[in-house]
Structure formats: structure tokens, C-alpha cells
Amino acid sequence: MSKEQQPDLEAGLLNQLRQKQPLLWLNDGLQDDVQPTPGLDPAVAEQRLARYSAPLTQLFPELAATGGRLSSALQPVPKAQSALQEAVHMPDPARAGRQGQEGGAWLLKRDDALPVAGSIKARGGFHEVLSLAERLTAEAGQPIAQGDPMQLCSDPVRELLGRHALSVGSTGNLGMSIGLIGRGLGFQVAVHMSADAKQWKKERLRRHGITVVEHSGDYAAAVDAGRQEAASSKTIHFVDDERSPHLFLGYAAAANELVRQLQEQGRRVDAEHPLFVYLPCGVGGAPGGIAYGLKLHFGRHVHCFFAEPTAAPCMLVQLAAGAGKPVSVYDIGLDNKTEADGLAVGLASPLVAPIMAKMLSGVFTVSDDTLFQDAYLLAQQEGILLEPSAAAALRGPLWLCETRSGQDYLAARGLARYMGHATHVIWSTGGSLVPAQEHAKFQARGARR
Ligand SMILES: *Cc1c(COP(=O)(O)O)cnc(C)c1O
């Protein structure tokens, strides 16, 4: 790499990133004033998802329990909280007497248990595939967006959708989501998998009649292959994880669900009751959409942080380098090699990064060892089984409350004195479809210290 191509990152930060030292980076570009991006209204996605709740219940019986709505629990994790807080306090004798639970409540948002897809990708996936079904049926003169929504499960509509194919590039979970939802609605589906995709995901997709194309390259290469396949055909539709506004808005619709759950649990969000949300980030669509929806709702009272692998901090690198041109983790000498499914992404979404440039509070990085340890800790303390990537956000509150840069963030906003009634939402993102054998391997690695 020549000197001219060096991304414009501060030398100390660049050094730490290259050495894969976990760190919390704060976003200087964060603005207090929150503006929606024209054309991106989360209410559109909420209404679309609500409209099809009845046919979706028929097509996906797992949705019956929630009346055809996607939703996941918001669950306190007090034992994991205490265990991690104590571990962090130990080295400092002056603080050894402090008990856990100070600094507010830790809640786990259980998108690892979302129905159908078993990961956060269910949110974007349902909205993307429904939007496409609306467009194709409208173009064919049988618009399902008008009249009875149950037309979605009618024979003529299924036949029509069956003449179309979805194509998607994925490290695994997006393929599972688009594959299972797309097949459910009657589409043909081809999933282009990157080299790091897990064997069991490929097998599961094939069992559901989904074509799996294996690639030797990384996530971006798999996406590219899917894009090219679709470009050559009128009946193949590419689901673009790097740029799709439909995926983004599907994720953003999660914000209102969280708003309702916080109300139900009696947790206020205002100037004296700050809300902190920690989200695992791959290309940025899922965490970006959710952060966007939450910022539109709570404004400066919600503080969103992304968690990224030390080997693949693509959003951090893009935001720290500033707007203008795409900068990847390869550009700073990282290899994008991580066990964190869904997070092994070298280049951030060009749709999402500019939006996050103004809304995101910061990004912290996590080593693979910590992911496995934290997946183990959650299983031991709370009986919750996650895939390692889904545990990436667990230490967010510690980064904020227990490190110099985190405390600087709180001090700059006069938040330190309100932390006793803060709410920390740790977004968990995948795990419920992972076979028991795979969980056993994750746990064994996490148990080794
Ligand atoms: C995809 C994924 C993410 C992140 O979503 P992006 O839209 O890629 O940023 C986080 N966790 C899991 C388990 C995922 O599959």
C-alpha cells in the first residue's frame, strides 16, 4: 500500500486498530439535532409489516403466538451484569466494595430468538421480501397492496412469485432469512455464500429447497456474485445488503417495539433517564436501521454504540476516515478474519455510513476470544445460548462506564450523575437456529480461558 492511499485516521487510533487492541472510539460527528433522511420513513415499514400479519401467520405458523408480528423479548440480565461488573471492579481495591447493578439496568433484546430466521435478519428480511412481492404483483396487474392482504397466500400470487427468484450474498444469516422467508412466500432463492459461511447453514438452506452457491472470497465477493447474477435477468432480484432501503427500514421498525417494551417495563427515557443501546455491526444495515429508528424517536436521550470485531471494524474505520470515499478494514492492514458470523464485513454500507456519521455515539471493538467468553458467560449466568457474534455488545455498558473514553463521553453531556437510572439495552442478534452441537463447540471454547 502506498503512502497516498493511507486512510486519514489519527496515528494513535490507526496503531491500536492495526494491533487489534479492543477500544472505544467516540464519534466527533454526532449531532444533537436529529433529522430523518428523506425517503426513509420507518412508519412505512411498520405499516407494511402490520398489513400482512394475517397471511404471514398462515405461511409461518411460528408467528401465530405474536399475531403475525415479529417481536422479541426485552429481558433483564442481572446475573450477567453483576458477573461482568465484578470482574471489571476487581483490580481496583478502592471500588471492590461496590455491588453490581449500579450504573443502571442491563436489558438483553432477544433478537437471537426471532422466529423464522433465528436472527436479527428476520426484521430486514420480512420487509424486503414483502416489498418485492408488492412490486411484482403490482407490475403483473394483481396488486396485493390493495384489497385483501390474504391474497399473499393465494394460488395465483404464489404462482406469480414462483416465477421470480431472489439472489442474495451472505456470510450466513441474511441468506437464512431471505431464503426461508422467500421460500415461504413462494419465491425461488439462490444464496451466494462467502468462504467463512458455516456448513450447517448451507445444509439447512439446501434442505429448504434453496440453491446455495459457494464462493472462495469474502462477504463482499459473495454479494458481488449475487448482484451480477441478478443483473443478467429480469426475473432474478438481488437483495442488496449494502444498499437496500427496504432492509434498512425493516430493521428501523424495531425501534417502536423497543419503545413499547420500555414503557411496559416502566423504564423512562428522558434527559435524566438516558438510554444506551449497544448493537453488533456487520455491514451496518441492521444496527444502523435500529439506531436510526431509535434516534428519530428519542433524539439526544438515546445513545447508540456499535460493537465490531477487532479484525473487522468496518463502520469505525469508515466513520473515523470521514465522508468522501469508501475505506475498508483491508486499507488499514486488517484481515477481516473473525469467527463472528454476520460481522465479518470489510467495508461498511454506503447507504448507512453517512446516516450513522451524525447519529452514532461511537463504536467499540471486541476480540474473538471475548465473544466466546461472553457467549459462555451468558449461558452460565442466564441460561441464554447465543452465537458468538450475538454476544458482541454485552460489554458495551462497561466500555461506557468503566473506561476513560466512555467517562469522557458521559462527562461531556453531563450524564454521569444520571447513570443510576440509566437503561442499557444490549442487542442480541442470533442463535436460536444454531444446532446444539455447534452451541456445544462455542461453549467449550468460551469455557477455556
Ligand atoms: C447480520 C448480523 C449482524 C449485523 O447486521 P448488519 O446489517 O450486517 O450490520 C449482527 N449479528 C448477527 C448474528 C448477524 O447475523
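In the working numbering, each residue's number is its place in the sequence shown (first place is 1) plus 44. We treat Cβ as the ideally placed atom computed from N, Cα and C, and that holds for glycine. Computed from a prediction, not measured in an experiment: that's the story for all the values here.
- Relative to ligand 1, even the nearest heavy atom lies 7 angstroms or more away from the CB of residue 449.
- In this structure residue 409 is buried. Its beta-carbon is surrounded by 16 or more other beta-carbon atoms within 10 angstroms.
- In its chain, beyond the 5 residues on either side, 405 have a beta carbon closer than 6 angstroms to the beta carbon of residue 74.
- Apart from sequence neighbours up to five positions away, the residues of its chain that approach residue 88 with a beta-carbon distance below 8 angstroms are 293, ordered along the chain.
- DSSP places residue 231 outside both helix and strand once states are collapsed to three, so it counts as coil.
- The beta carbon of residue 355 lies closer than 7 angstroms to those of 64, 378, 379, 380, 381 and 382 in the same chain, with the five residues before and after it left out.
- In the structure shown, the three-state DSSP call for residue 483 is helix.
- For residue 385, the distance from the CB to the nearest heavy atom of ligand 1 is below 7 angstroms.
- Beyond the five residues adjoining it in sequence on each side, residue 401 comes within less than 7 angstroms, by CB distance, of 73, 363 and 367 in the same chain, given in chain order.
- Take residue 97, set aside five residues on each side of it, and the residues of its chain with a beta-carbon closer than 7 angstroms to its own are 111, 112 and 113, in chain order.
- Of the residues assessed, residue 347 falls on the buried side of the cut-off, its CB having 16 or more other CB atoms within 10 angstroms.
- For residue 334, the enclosing alpha helix (DSSP H) begins and ends at 329-342.
- The DSSP assignment places complete alpha helix (DSSP H) segments of no fewer than 4 residues inside the segment 153-191 at 165-183, in order along the chain.
- Cβ atoms of residue 164 and residue 296 stay farther apart than 8 angstroms, at about 12 angstroms.
- Ligand 1 never approaches residue 59 closely enough for any of its heavy atoms to be under 7 angstroms from the residue's Cβ.
- Excluding sequence positions up to five before and after residue 313, its CB lies within less than 6 angstroms of the CB of 319, 342 and 345, all in the same chain and listed in chain order.
- Here the alpha carbon of residue 60 sits roughly 22 angstroms from the alpha carbon of residue 369.
- The criterion of a C-beta distance shorter than 8 angstroms is satisfied by residue 371 and residue 365.
- Annotation: residue 51 is outside any alpha helix (DSSP H) and is labelled neither H nor E by DSSP.
- Counting other Cβ atoms within 10 Å of its Cβ, residue 220 reaches 16 or more and is therefore classed as buried.
- Inclusion of residue 473 in the 7 angstroms shell around ligand 1 follows from its C-beta lying nearer than that to a non-hydrogen atom of the ligand.
- Between residue 430 and residue 264, the alpha-carbon positions lie close to 25 angstroms from each other.
- According to the DSSP secondary-structure assignment, residue 149 is paired through a beta bridge with 467.
- Separation of residue 455 and residue 449 (C-alpha to C-alpha, rounded to the nearest whole angstrom) is 10 angstroms.
- Judged by DSSP in its simplified three-state form, residue 119 adopts strand.
- Between ligand 1 and the CB of residue 82, the shortest heavy atom gap is not smaller than 7 angstroms.
- In its chain, beyond the 5 residues on either side, 188 and 201 have a beta carbon closer than 7 angstroms to the beta carbon of residue 195.
- Checking the 7 angstroms criterion, the Cβ of residue 469 is out of range of every heavy atom belonging to ligand 1.
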